[in-house]
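Residue 155 in the working numbering sits at position 155 of the sequence shown, with consecutive numbering throughout.
C-beta: ideal position from N, C-alpha, C; glycine also.
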Amino acid sequence: MNQLIEQILRETNYLNNPYFVHLHNGTFDKSDFVETQIQFYSAVEFFARPMAALVSKIPCPEQRLGILRNVWEEHGEGDSERFHKFTFLTFLQRLDGCTFAEVQSRVLWPELRIFNSTLEGVCNSDNYLIGVGTMGIIERMFSDISFFIGRSVVERGWITSSQLIHYDLHEKLDIKHAEDFFAILRTAWNTDLQTRDAIAQGLRLGATLFNGLYEGLFRARSRRWLQGGFANHHFAKEEKQVQEA
Numbered sequence: 001m002n003q004l005i006e007q008i009l010r011e012t013n014y015l016n017n018p019y020f021v022h023l024h025n026g027t028f029d030k031s032d033f034v035e036t037q038i039q040f041y042s043a044v045e046f047f048a049r050p051m052a053a054l055v056s057k058i059p060c061p062e063q064r065l066g067i068l069r070n071v072w073e074e075h076g077e078g079d080s081e082r083f084h085k086f087t088f089l090t091f092l093q094r095l096d097g098c099t100f101a102e103v104q105s106r107v108l109w110p111e112l113r114i115f116n117s118t119l120e121g122v123c124n125s126d127n128y129l130i131g132v133g134t135m136g137i138i139e140r141m142f143s144d145i146s147f148f149i150g151r152s153v154v155e156r157g158w159i160t161s162s163q164l165i166h167y168d169l170h171e172k173l174d175i176k177h178a179e180d181f182f183a184i185l186r187t188a189w190n191t192d193l194q195t196r197d198a199i200a201q202g203l204r205l206g207a208t209l210f211n212g213l214y215e216g217l218f219r220a221r222s223r224r225w226l227q228g229g230f231a232n233h234h235f236a237k238e239e240k241q242v243q244e245a
């Protein structure tokens with residue numbers, strides 16, 4: 001199974017996603033990056049919910065414990081100030097002075113709704129092994145992504161290394177989280193050959209979904225959608241042209 005995981009990660013080639021390529025080479029405008037990160041807050045805030053739903057579907061009580069621990073850690077191990085959604089808000093504030101009110105002022109992009117809704121559906125309604133595979137490989141990818149984003153924003157001078165928060169934690173923590181999911185998959189993989197298709201489907205789904213989220217965020221990076229109206233300058237220009245015609 002380890003070979004399958006590594007094969008999927010290579011095939012997905014997620015660190016060559018345009019989002020990370022442009023962030024690395026300095027062609028990702030800071031205001032566009034900040035806007036995509038504001039949108040990503042929704043994924044951070046939501047992620048523990050399908051994970052918690054998935055716990056109830058895992059048949060082995062002992063295997064549930066690792067995932068329950070992950071849910072607990074997503075909630076700051078009981079310390080509300082260390083809830084991951086709050087550490088991410090702190091990252092946004094240090095990155096660009098962004099407040100929670102500004103996050104709330106945004107309309108959720110369809111790219112984020114697709115991501116969140118897919119996780120909700122898979123973890124609530126599908127074979128539990130597909131859900132475990134999906135969540136596990138996302139955790140694995142996010143460890144690398146967290147390292148890459150954290151290093152890049154420091155290199156760009158957008159934040160200092162001492163100010164970096166959230167991403168530095170997930171760089172280390174999500175390797176362990178991924179392994180908790182993969183341990184469940186390995187047990188099934190090694191004891192029941194009929195489970196292997198479901199496991200592979202889940203791993204591929206998670207990798208495709210997560211990589212696609214960042215592709216979508218990069219494509220939409222100039223979008224500015226606010227509650228009560230659109231602020232996207234491209235949209236406003238098109239509207240003006242229509243009115244003048």
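What's the C-alpha gap between residue i and residue j?
i    : j    : result
A236 : S222 : At A236, the pLDDT of 44 sits below 50, so the modelled position is not reliable; the number obtained from the coordinates is stated separately. Whole-angstrom Cα-Cα distance: 13 Å.
C60  : T134 : 19 Å
H84  : F28  : 25 Å
W109 : A101 : 17 Å
E35  : D197 : 38 Å
N16  : R69  : 32 Å
L203 : D126 : 14 Å
W225 : F40  : 14 Å
L65  : I145 : 26 Å
H22  : R156 : 12 Å
Q104 : T195 : 42 Å
Q227 : I5   : 40 Å
T12  : G229 : 36 Å
F318 : K172 : Missing from the structure shown is residue 318; the chain here goes from 1 to 245 and no further.
Please go through the same chain and pick out, in chain order, the residues whose beta-carbon is closer than 8 Å to the beta-carbon of residue i, but skip the five residues on each side of it.
i    : result
A52  : V71
V242 : Low local confidence applies: a pLDDT of 38 at V242 is under 50, so the model's placement there is unreliable, and no value is given.
Q163 : R94
Y128 : L54, K57, I58 and P59
Excluding five sequence neighbours on each side, which residues of the same chain lie with their C-beta closer than 6 Å to the C-beta of residue i?
i    : result
G131 : L54, V122 and C123
R140 : A178
C98  : L92
I165 : T87, T90 and F91
Between the options, which has its C-alpha nearest residue i's C-alpha?
i   : options                  : result
T90 : A48, I38 and I67         : I38
P18 : E215, L226 and E6        : E215
A43 : Y14, K176, S117 and E6   : S117
R49 : K172, E120, S161 and E73 : E120
H24 : R106, E45 and R151       : R151
With distances taken between CB atoms, is the gap from residue i to residue j smaller than 9 Å?
i    : j    : result
T183 : Q3   : The sequence given here places Ala at residue 183; Thr does not occur at that position. Contact: no.
I199 : L185 : yes
A217 : I137 : One detail in the question is off: residue 217 reads as Leu in this sequence, not Ala. Not closer than 9 Å, so no.
F142 : D180 : no
F20  : F148 : yes
D96  : W189 : no
Excluding five sequence neighbours on each side, which residues of the same chain lie with their C-beta closer than 7 Å to the C-beta of residue i?
i    : result
K240 : Caution applies to K240, whose pLDDT of 40 falls short of 50 and renders its modelled position unreliable; the value that the coordinates give is listed next. Same-chain partners within the cutoff: there are none.
E111 : L213, G216, L217 and A220
Go to residue i, then tell me how far its alpha helix (DSSP H) extends in each direction, as first and last residue.
i    : result
G121 : P110 to S125
I5   : N2 to T12
H166 : It is not in any alpha helix (DSSP H) - H166 carries neither H nor E in the DSSP assignment.
N211 : R196 to R219
R140 : Y128 to E155
K85  : H84 to D96
I38  : K30 to F46
V107 : Unbroken run through V107: none, as it is neither H nor E.
P18  : P18 to N25
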